[in-house]
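In terms of the numbering used here, the numbers along the sequence shown are unbroken and rise by one, the last being 202. Written below as structure tokens is the structure these notes are about.
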Amino acid sequence: MVTAVLRDGSEVQLRTMQPADADALVRFHRTLSDDTTLGRFFVVHRELTAQELHRFTNVDHRDREALVAVTGGDIIGVARFDRLPDRTGAEVAFVVSDSWRGRGLGSSLFQRLAELARTLGIEHFRAEVLATNARMLRLFSGTGLRQSVRRSGGVVHVDLTLRDVDPAAG
33 MVTAVLRDGS EVQLRTMQPA DADALVRFHR TLSDDTTLGR FFVVHRELTA
83 QELHRFTNVD HRDREALVAV TGGDIIGVAR FDRLPDRTGA EVAFVVSDSW
133 RGRGLGSSLF QRLAELARTL GIEHFRAEVL ATNARMLRLF SGTGLRQSVR
183 RSGGVVHVDL TLRDVDPAAG
């Protein structure tokens, strides 16, 4: 568990997701606005299914990782990755409680998730983001990492390089 200090001085705990987080994850999900669930799931998604809840809370911390941001015992953000078949990449996704947006929580979650991914040999993150999800696109562009972006319809495909890059090689 690590403490993240956000832009407004708030402190939150970042830790790995555990099966015991299921009830807290359901409560967290119920606080999300339709716009927020649309940004995360590409559809308005008001309730997690039993299968989703199991999948989201049972991760192996190698090929599938999930972090939760917690304050006062409540989950206020989730970041996760699922390793891709090439073994060097992972698909990444985030969701932050509406009331905690704009404070740097997504960036803190991203940085911690990237640190964990690097230790597992993951060299790049891949994400699919709705073109209307300006917050997530800003988060990725603000990482300072090399990225490639491709647009297809209303979806932006982002690939971020996590491995150390030699500036002289670029």
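Even for Gly, the Cβ is constructed at its ideal location relative to N, Cα and C. Please read these numbers as outputs of a predicted model, since none were measured by experiment.
Residue i to residue j, Cα distance in whole Å?
i       : j       : result
Val-37  : Ser-184 : 36 Å
Ile-107 : Val-100 : 6 Å
Ser-140 : Leu-57  : 19 Å
Arg-62  : Ser-129 : 10 Å
Gly-41  : Arg-87  : 33 Å
Arg-85  : Asp-67  : It should be noted that the sequence gives Leu, not Arg, for residue 85. Their Cα atoms are separated by approximately 20 Å.
Judging by CA-CA distance, which residue of the options is the nearest neighbour of residue i?
i       : options                               : result
Arg-94  : Gln-45, Arg-39, Ala-159 and Ala-146   : Ala-146
Arg-195 : Leu-171, Met-168, His-189 and Thr-151 : Thr-151
Glu-123 : Leu-64, Thr-175, Gly-109 and Glu-97   : Glu-97
Val-110 : Gly-153, Ser-180, Leu-64 and Thr-120  : Leu-64
For residue i, name the three-state secondary structure that DSSP assigns.
i       : result
Ser-65  : coil
Glu-84  : helix
Gly-121 : strand
Looking at the secondary structure, which residues open and close the beta strand (DSSP E) in which residue i lies?
i       : result
Gly-109 : 106-115
Gln-143 : It is not in any beta strand (DSSP E) - Gln-143 instead sits in the alpha helix (DSSP H) that spans 137-151.
Ser-180 : 179-184
Given a threshold of 16 other Cβ atoms within 10 Å of its Cβ, counted over all protein chains shown, does residue i qualify as buried or as exposed?
i       : result
His-156 : buried
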